[in-house]
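Letter 20 of the sequence shown, counting from 1, is numbered 51 in the working numbering, and no numbers are missing.
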Amino acid sequence: MVALIASAAIAADDTMSTTTTTTSTGTISEYAPGSTFIVKETSGPMTYRYGKKVTYVTKSGKALSEADVRTRIKVGVPVSVHYMSEGDNRVISRVEIDD
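Below is the structure:
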């Protein structure tokens, strides 16, 4: 009986957790694929961590190929970064660039 009550409590906690994605804009100031992603925003430079899966797209929604990412994601490029907060870290889920 206790196990059943504990399972119900855990299930209730799972349904109440939410993930919020936030978007920030700026210009890439430092970039090393898979390790460093720093964006100069109006409030100053912000460091982002890479999520398990990062999607790179144009503003119109076209997905970038790996070759496009290698040539188009670089220092000086304006971006919109979609991220989730994990503690003090901003974890990237999506990066948008101009078409």
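By construction, the Cβ of each residue, glycine as well, lies at the ideal position given by its N, Cα and C atoms.
Unbroken alpha helix (DSSP H) run spanning residue 63, endpoints
Against the sequence shown, residue 63 aligns to sequence position 32. No alpha helix (DSSP H) holds residue 63; the beta strand (DSSP E) holding it covers 53–63.
Check for me: the alpha helix (DSSP H) holding residue 86 runs from which residue to which?
For the purposes of this step, residue 86 is identified with residue 55 of the sequence shown, where counting begins at 1. First-last for residue 86: 75–89, but that is the beta strand (DSSP E), not the alpha helix (DSSP H).
In angstroms with no decimal places, state the Cα-to-Cα distance between residue 58 and residue 123.
In the sequence shown, the residue the question calls residue 58 occupies position 27. In the sequence shown, the residue the question calls residue 123 occupies position 92. Whole-angstrom Cα-Cα distance: 15 Å.
Relative to the alpha-carbon of residue 105, which residue among 53, 87 and 74 has its alpha-carbon at the smallest distance?
Working through the sequence shown from its first residue, we reach residue 105 at position 74. Checking every option, the nearest Cα to that of residue 105 belongs to 87.
Quick one: what's residue 67 bridged to in DSSP?
Locating residue 67 in the sequence shown gives position 36, where the first residue counts as 1. Paired residues: 63.
Using the Cα positions of residue 97 and residue 64, report the straight-line distance between them to the nearest angstrom.
If you number the sequence shown from 1, residue 97 lands on position 66. If you number the sequence shown from 1, residue 64 lands on position 33. Spanning the two alpha carbons is a distance of roughly 11 Å.
For residue 108, does the three-state DSSP call read helix, strand or coil?
Locating residue 108 in the sequence shown gives position 77, counting from the first residue. In this structure, residue 108 counts as coil in the three-state DSSP scheme.
Can you give the Cα-Cα distance for residue 80 and residue 71, rounded to whole angstroms?
As a position in the sequence shown, residue 80 is number 49, starting the count at 1. As a position in the sequence shown, residue 71 is number 40, starting the count at 1. One C-alpha to the other measures close to 15 Å.
CA nearest to the CA of residue 82, picked from 74, 68 and 55
For this step, residue 82 is matched to residue 51 along the sequence shown. Looking at the Cα atoms, 68 is the closest of the given residues.
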